[in-house]
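J.:
In our numbering, the protein residues as written are 2 to 297.
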């Protein structure tokens, strides 16, 4: 089966503790702990599948029990896992977060196996299964910042990505600067939050619109900046910046909201929406996700 889009990056188990209470450092409160398939690439792929697309994931998954279970979960959701790199000696990655009524309290991402696998996850793009250097993959690629800076630097100049519509998201503010090699890529659209945008520009913008302007000034071809429940922005080189505010909702969850935003925007554009309509579709989908109305 030929995929509609490739999702490259982290596919792992999300272990999320959620409490309806506001929390502070050291809090010990009742709540629920869930384990779900997650990771930036996985969250994007799951959302794309909900919208009717057929995504393939390029990632590293261990040949352990957790990895087999994760691959089976992907298959049940209609995701193509044939091209995932399965390692005999690397364990399946995990992410752990604690969320309260006041948002994300803390998170730890263990994506060491993905980082250790390196460019092995890209082999299907070079060996003819999904493309070659002479005939590169021509469709959309969702790329996540859990890859190492060295690999992202390689991707920025690789002929394997020369024809792709690159959609790029950092894994977290702590990894945002890994995307610097892709800032000036002519075919890249960067999806970042306000903190990540400021890290990439070394700026102090206090609105998404100002951050988008700063990224365009730094040479980004196209960027979307989110800012929680405040106005988001989309900026395109030579075409200026648009803004849209998400509808107010009660926050039931946070992890995965940015990935939902990115996937919804991509799908809207694939369906022919213009800049303003695609941005509106993305902020609306993210708000619905945060409210808990869409299943994980």
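The beta carbon of each residue, even a glycine, is placed where N, CA and C say it ideally should be.
Do residue 298 and residue 79 have their CB atoms nearer than 8 Å?
T.: Lying outside 2 to 297, the shown extent of the chain, residue 298 is not represented and no answer is given.
J.: If you scan the region 182-226 from start to end, which runs of the beta strand (DSSP E) of 3 or more residues do you find wholly inside it?
T.: List check, beta strand (DSSP E) in window: 189-194.
J.: Determine the DSSP secondary structure at residue 291, reduced to helix, strand or coil.
T.: DSSP places residue 291 in helix when its eight states are reduced to three.
J.: Span of the alpha helix (DSSP H) holding residue 155?
T.: From DSSP, the alpha helix (DSSP H) with residue 155 extends over 150-158.
J.: Please name the residue, chosen from 247, 285, 292, that lies closest to residue 255 on a Cα-to-Cα basis.
T.: Comparing Cα-Cα distances from residue 255 to each of 247, 285, 292, the minimum goes to 292.
J.: Whole angstroms is fine: what's the gap from residue 63's alpha carbon to residue 242's?
T.: Distance between the alpha carbons of residue 63 and residue 242: 42 Å.
J.: Can you check DSSP and say which residues form a bridge with residue 33?
T.: Paired residues: 19.
J.: Per DSSP, residue 14 forms a beta bridge with which residues?
T.: According to DSSP, which records beta bridges pairwise, residue 14 is partnered with 38, 95.
J.: Here's the rule: buried if 16 or more other CB atoms are within 10 angstroms of the residue's CB, otherwise exposed. What is residue 73?
T.: Classification for residue 73: exposed.
J.: Between the region 209-216 and the region 245-252, can you find at least three pairs of beta-carbon atoms closer than 8 Å?
T.: Output reads no: the region 209-216 does not touch the region 245-252.
J.: Tell me the rounded alpha-carbon separation between residue 168 and residue 3.
T.: Distance between the alpha carbons of residue 168 and residue 3: 19 Å.
J.: Residues in its own chain within less than 8 Å of residue 71 by CB, not counting five upstream and five downstream?
T.: Correct list, in chain order: 12, 13, 14, 38, 62, 93.
J.: What does a CB cutoff of less than 6 Å around residue 228 pick up in its chain, not counting 5 residues either side in sequence?
T.: These residues qualify, in order along the chain: 195, 209.
J.: Nearest to residue 105 by alpha carbon, out of 130, 17, 187?
T.: Nearest of 130, 17, 187 to residue 105, Cα basis: 17.
J.: Could you tell me the boundaries of the beta strand (DSSP E) in which residue 145 lies?
T.: Taken as a continuous stretch (DSSP letters only), the beta strand (DSSP E) holding residue 145 covers 141-145.
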